[in-house]
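One structure is given here, and the rest of the page talks about it.
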Amino acid sequence: MLASILLLDADGIHVRHAAAPSLPDAFIRAVDGQPIGERAGSCGTAAWRREQVIVEDIAIDPLWADYRELAAAHGLRACWSTPIFAADNLVLGTFALYYGAPALPTAYHQRLITMTTHCAAIAIARKREEEALRDSEAYNRMLFDQSPIGLALARMDGKLVDINFAYANIIGRTIDDTLKLTYWDITPEKYAVQEQQQLTSLDISGVYGPYEKEYIHKDGHLVPVRLQGLLIERKGKKFIWSSVEDITERRQSEKALRESEERLRLSTELANVAVWEYNFTADSMSRSKNHDRLYGLSRQPKWNINTFLNATHPADREISNEIISTSVAPGGPGHYQFDFRVVYPDKSIHWLSVVGQVIERDEEGRGVIVRGCLMDISDRKNAEQALRESEDRFRKVFEEGPLGIAMADVADGRFFRVNRALCDMLGYTEEELKQLTFVDVTHPDHRALDLEAVKEIREGQIQKHYTEKRYLRKNGEVVWGARALTKISSADGKSVYNLAMIKDITDRKRAEKKLQRNEQLLRLFVEHSPASIAMLDHNMKYIVASRRFLVDYDIGDQNLIGRSHYEVFPEIPERWREIHRRCLAGAIEKSEEDPFPRADGKMDWVRWEIHPWYETQGEIGGIILFSEVITDRKKAAEEINRINQELHTINRIILTCATTLDMEELLNKVMVEALAICGLEGGTICFVTPEETLHIVTHRA
């Protein structure tokens, strides 16, 4: 009698060798991994049928047809196999007895089989429980160690007991160094009152936060963080469990956005470009402070379509209204640009250029909200006119933590476990997500990259993969997530499932996009402004310059960005450099006309105005230079003055002629004025005739 125990594989289809001390090794190897079924020998059939299978003679029994030669080669003629069941009645494996001759079991054999299968079921269940516990502990530890959010366990007195790499990394230390500290060692004293409030909340409700504060980094600087946590018990002792997120990037994005908006506001106001947004449903407009001034008006309490039309030149009202109405009508182009005239209260006429974009339409397709910009182009129009005439803690981390977490099948990527944070992030219920794969919720633009990352992890080319990607919510909305992906393996090294941890970074991405948009608008406004404008940083290096600036100062196609103002214009006098220093200190200076000797020897005359621009925290970031080259106008004025003086002198000569009768006196006075016009005071003029030569000599006192 020979005995064997086979275990049913996790796939429920194949059997694996567990124990068979007396069977030949070659037979064991041949049976290991075989599928169960109706004609799969005694063991495969017993597992398939979920009932005992007695084969008296292998040589003639049809259940052994596919394995008869294998059994005969090892002298096996009879096999009795019985399924081993778990407590929940699932098949765990089979227990079999083999004989070298045809045989049937006796009552004794059946008692032996029953006792053995019962013991085997207990042993198998216990071993699997132990393996599951080890896998669970390994999984929980992996969650803790790999989480991009800082996680910490502290005693009630603040002594850190356990932390992950992300927590230590926030304060620039190793895990070992951080575990030597207490919670209070890395908390600035200024948060003492706030910390006591959070501890009170913890004592009353068992949770604290979320709230924001700062940690002390190893190098001394303060790191902004967002914390939340709860009270837990381990072996009768209370501990504080905390999750800590480094929000430095978010704070920087918010600060950069504020600074960008401030620069945009300053640039639009100083460049005399207005931005606006019109709501057709409310018949009202939100606009920048300088908007109404472009119409020659003081700030109006309300601006609507009638205000616009009333300020528009009568000859341009009909065409302006027609362009706007066509754009916002159902099926309209959604974008418009046109130039039009406005009449100031003083009756003077000015040219404006408007650009509009429909950003929202109602259900019937009519434009509801339009956004755009407005600029004064009177100088350009005047120039054009003149030319015509001349841009449990780990579970809580999983279930209640701020990160979205998902486990997916290695083979097909289907989710089999997801947490609430991920459901909230994607707008699905847990059951709905379990019907999907990671590809289903990934934006089409990122699917190829995700599939390649999963393949590399599955094949062991990489251990984990991090990316920032877009996800599709159930309602079709797009959200951004920072995703860490890794593979969870069993004790024998086999891939069990893929684990993804996802942080919602939609707000950060939106802030970055808005920041980028504002930076682009700022550069677009300056670059295309009809004025000569340059924006420089505190080191007097160019940030952006208008095209007009390049033309006025003969710079051509040179790229000024990042270059020093004094490198581009080495001839700038020291008195101008001193003015720049004063403006960088906060002064506002201007000049109506100022000589500018150029490096090539010519003299330009310039009208200029300089303002400092400010960062959002109030510090000066640099200066904005507005200027106009007025050399031609200056020369024209001097020439007019010279001609006027000559005309004045000629007028005196005429008056002299009209009031003097004596010819010699008349000639003498006329010659004095003539010499003055020529700049020859004190000279001599000779008149020569055929009859005689007359010399008249004049002298000034």
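For the sequence shown, our numbering begins at 479 and goes up steadily by one.
In this text, a Cβ means the ideal position worked out from N, Cα and C, and glycines have one as well.
Minimum C-alpha distance to residue i - residue among the options
i	options	result
I602	Y577, L1062 and V569	V569
E1227	L541, A630 and H1016	Because the chain is modelled from 479 through 1179, residue 1227 falls outside the range shown and cannot be assessed.
I918	Q941, I935 and Y949	The identity of residue 918 in the sequence shown is Asp, whereas the question assumes Ile. The option with the nearest alpha carbon to D918 is Y949.
G714	Y669, L927, F758 and R633	R633
G628	A793, Q706, H587 and L677	Q706
M479	Y545, L548 and L590	L590
G578	T584, I600 and A537	A537
D697	S679, I648 and I725	I648
K952	T920, G905 and D1110	G905
R771	A789, D761, V888 and W1086	A789
S1010	L999, L1028 and I1021	L1028
Y645	Q675, M593 and P702	P702
S500	K981, Y576 and E529	Y576
D923	L914, K947, Y689 and D887	K947
D635	Q588, L709 and L582	L709
M979	T945, P1073 and G954	T945
V671	K691, V685 and P540	K691
Local Cβ density within 10 Å of residue i, reported as buried at 16 or more and exposed below that
i	result
V833	exposed
W1091	buried
A496	buried
S721	buried
G553	exposed
H943	buried
Y586	exposed
V639	exposed
R871	buried
I1057	buried
S798	buried
V533	buried
P1008	buried
D654	exposed
L911	buried
S1105	buried
L927	exposed
K1113	exposed
N1122	exposed
L1103	buried
T592	exposed
N567	exposed
E723	buried
M853	buried
H769	buried
T595	buried
G662	A small fix is needed here, since residue 662 is Trp in this sequence, not Gly. Looking at its Cβ environment, which holds fewer than 16 other Cβ atoms inside 10 Å, W662 is exposed.
Same chain, Cβ closer than 7 Å to residue i, neighbours up to 5 away in sequence not counted
i	result
A598	I483, I562 and F573
Y822	G774 and H828
E1049	P1075, R1076 and A1077
T759	V846
W526	I514, G515, E516 and A518
G1099	D1015, H1016, W1091, Y1092 and E1093
Own chain partners of residue i with C-beta closer than 6 Å, once the 5 adjacent residues on each side are dropped
i	result
S559	S520, C521, A524, V531, T572 and A574
I491	P513
D487	R494
K605	none
V1022	R1001, V1004 and M1013
I1088	C1061, E1067, I1101 and L1103
Cβ distance (whole Å) where residue i is taken to contact residue j below 8 Å
i	j	result
F893	A884	5 Å
V932	G891	7 Å
H1006	R1025	7 Å
E1067	W1083	Not really, about 17 Å apart at Cβ, beyond 8 Å.
L830	I855	7 Å
8 Å Cβ shell around residue i - same chain, five flanking residues per side excluded
i	result
T785	Q778
S805	P811, G812, H813, Y814, G834, V836, G845 and V848
D544	R517, A518 and G519
I641	G628, L629, A630, L631, I653, T656 and L657
R925	V917
G809	G843
M620	T964, I966 and L977
Neighbour flag for residue i against chain D, beta carbons, 7 Å
i	result
N799	Looking for chain D here will not work: only one protein chain is present.
Notebook entry, point to check: Would the segment 972-990 and the segment 721-738 be scored as touching if the rule is three or more Cβ pairs under 8 Å?
Noted result: Output reads yes: the segment 721-738 touches the segment 972-990.
Item checked: Meets three-Cβ-pair contact criterion under 8 Å: the segment 1028-1037 and the segment 1118-1135 -> With the cut-off at 8 Å, the segment 1028-1037 and the segment 1118-1135 do not touch.
Check: Using 8 Å as the threshold, is the segment 660-674 in touch with the segment 853-869, meaning 3 or more CB pairs across them?
Finding: With the cut-off at 8 Å, the segment 660-674 and the segment 853-869 do not touch.
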